[in-house]
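Protein chains in written order, with this note's numbering: chain F, 11 to 216; chain Z, 11 to 216. By construction, the Cβ of each residue, glycine as well, lies at the ideal position given by its N, Cα and C atoms. Quick caveat: nothing in here was measured; it's all calculated off a predicted structure. In what follows, a single structure is set out as structure tokens and then discussed.
Protein chains: 2
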Amino acid sequence: MSYPSKLIEDAVNEFASLPGIGKKTALRLVLHLLKQEPVKVQKFGEAVTKMRRDIKFCSNCHNVSDGDTCSLCRNPARDDTLICVVESIRDVMAIENIGQYNGLYHVLGGVISPVDGIGPDDIEIESLMKRIDGGEIEELMMALNPTMEGDTTIFYISKRLAGNNIRITTIARGVAFGGELEYTDETTLARSIATRLPYENYLVKK
Amino acid sequence: MSYPSKLIEDAVNEFASLPGIGKKTALRLVLHLLKQEPVKVQKFGEAVTKMRRDIKFCSNCHNVSDGDTCSLCRNPARDDTLICVVESIRDVMAIENIGQYNGLYHVLGGVISPVDGIGPDDIEIESLMKRIDGGEIEELMMALNPTMEGDTTIFYISKRLAGNNIRITTIARGVAFGGELEYTDETTLARSIATRLPYENYLVKK
């Protein structure tokens, strides 16, 4: 594709560098912006630049934050003996959205993945250990994705905490509500049978 | 969805204002940018802002341009007796991409659409008339989309030029190469029969 203007070509290339956006979609977005008022497009550009430039990460849990520590860590109403360990900020948002969890978080910023060259030192494990050393944390709830890398990370953290008096839990895996047994994958179905619960628990949880 | 930071919320809202991008996709893009270097994100923001701020439109054909007139209008090798009338810049790019057309363009910036309140004065018809008055244009090739609005626009322009010694043509509509008769819509098939060509022409055009 040849572009009628260098300016358009640059903008298309920038959009096309985003995940899931190809050259055609990028061009469509650029031509849409071309029809908007310059001041509106400037607002777009500035919001994006400003977001990256001014965003801070909580020095405690590594969640995004407008200040030095995030609003979740600062909130005295939250249970600071319970930490939910997640991979990314998006997981924090997903859990916060259900409005049921009242503990704190720890954002690892990734999972251990030897294939991709990501070791324990490349993610926020050391800072998690420091939080545990310094505080009265009683439980670590591991909410990592159920992949090999997620499981490796959980295993590594549990080894590091061996001998420590901390309860390590993982969120439950099983057949989703609304999911049908027939269409559930074998691993999930097998695990949901192996980790079956007494009926009383089922009633309570639901 | 609640966002952990006002900065993120603003950026998500800006992305979600683009066509075909919802809040979930917008968040995915913002979280992707959050992982990039600030200077890279700044480059993104500036390319977009700069594109809209510095872009010019050709005073002759209303195509986008880096200067006062576009590179197509300035090119002496192009046939200035033939003007291809299109709706948008994207159409110019599509036609230029095949590398077969050697005339000039006129970008209307829309088509007449009474339903949307777009009349002849809202698109670049007056400037087209001026080009025709002032120049040695022999043919207007209408390459508008085959919608009611496109047809109305062609009809309006042809009426305005009645008595003028200009040939008005439209690009051919018919069954696409590679298309199968069986799956062609009725209107297209009917028109391709009504406007059938002598076999000699078929050989030449192909």
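Option in the options with minimal Cα separation from residue i
i: Met152(Z); options: Phe165(Z), Leu82(Z) and Ser15(Z); result: Phe165(Z)
i: Pro124(F); options: Thr162(F), Leu92(F) and Val117(F); result: Thr162(F)
i: Lys66(Z); options: Ser98(F), Leu44(F), Asn70(F) and Arg170(F); result: Leu44(F)
i: His116(Z); options: Asp131(Z), Leu138(Z) and Ile181(Z); result: Leu138(Z)
i: Gln110(F); options: Ser98(F), Cys94(F) and Glu134(F); result: Cys94(F)
i: Val51(Z); options: Thr35(Z), Leu39(Z) and Arg62(Z); result: Leu39(Z)
i: Gly184(Z); options: Ala172(Z), Gly173(Z), Arg170(Z) and Leu199(Z); result: Leu199(Z)
i: Ile181(F); options: Leu154(F), Phe187(F) and Thr79(F); result: Leu154(F)
i: Asn112(F); options: Ala204(F), Leu82(F) and Phe25(F); result: Leu82(F)
i: Leu114(F); options: Asp132(F), Glu148(F), Gly32(F) and Lys34(F); result: Glu148(F)
i: Asn23(F); options: Phe54(Z), Ile167(Z), Glu190(Z) and Glu159(Z); result: Phe54(Z)
i: Cys71(F); options: Thr157(F), Leu92(F) and Glu56(F); result: Leu92(F)
i: Glu56(F); options: Thr197(Z), Gly32(Z), Ala21(Z) and Ala26(Z); result: Ala21(Z)
i: Ile178(F); options: Phe187(F), Ile167(F), Tyr193(F) and Ala186(F); result: Ile167(F)
i: Ile135(Z); options: Glu97(Z), Asp126(Z) and Met158(Z); result: Glu97(Z)
i: Ser12(Z); options: Tyr193(Z), Lys34(Z) and Leu191(Z); result: Lys34(Z)
CB contact below 7 Å: residue i versus chain F
i: Asp132(Z); result: no
i: Thr157(Z); result: no
i: Thr59(Z); result: yes
i: Phe67(Z); result: no
i: Gln52(Z); result: yes
i: Val74(Z); result: yes
i: Asp64(Z); result: yes
i: Ile203(Z); result: no
i: Gly55(Z); result: yes
i: Ala26(Z); result: no
i: Pro29(Z); result: yes
i: Arg100(Z); result: yes
i: Leu41(Z); result: yes
i: Arg206(Z); result: no
Whether residue i touches residue j by CB criterion (7 Å)
i: Pro14(F); j: Val58(Z); result: no
i: Leu150(F); j: Ile176(F); result: yes
i: Pro48(F); j: Arg170(Z); result: no
i: Ser69(Z); j: Asp76(Z); result: no
i: Ile99(F); j: Leu118(F); result: no
i: Asp64(F); j: Leu17(Z); result: yes
Interface flag, residue i vs chain Z, CB-CB below 7 Å
i: Ser15(F); result: yes
i: Arg116(F); result: According to the sequence shown, residue 116(F) is His rather than Arg. So, not an interface residue.
i: Glu19(F); result: no
i: Pro48(F); result: yes
i: Gly120(F); result: no
i: Glu97(F); result: no
i: Leu150(F); result: no
Residue i CB to nearest heavy atom of the ligand PLP below 6 Å
i: Ile164(F); result: The ligand PLP is not part of this structure, which contains no ligands at all.
Checklist entry - Touching or not, the segment 96 to 104 of chain Z and the segment 136 to 144 of chain Z, by the rule of three or more beta carbon pairs under 8 Å? => result no
Checklist entry - Mind pulling the alpha helix (DSSP H) runs of 4 or more residues that sit fully within the segment 15 to 53 of chain F? => result 16 to 26 and 33 to 44
Next on the checklist: Please give the ranges of any beta strand (DSSP E) in the segment 133 to 159 of chain F, keeping only runs that are unbroken, at least 3 residues long and fully inside the region.
Outcome noted: 149 to 152
Item to check | Segments assigned alpha helix (DSSP H), at least 4 residues, entirely inside the segment 75 to 123 of chain Z | outcome: 81 to 84 and 99 to 108
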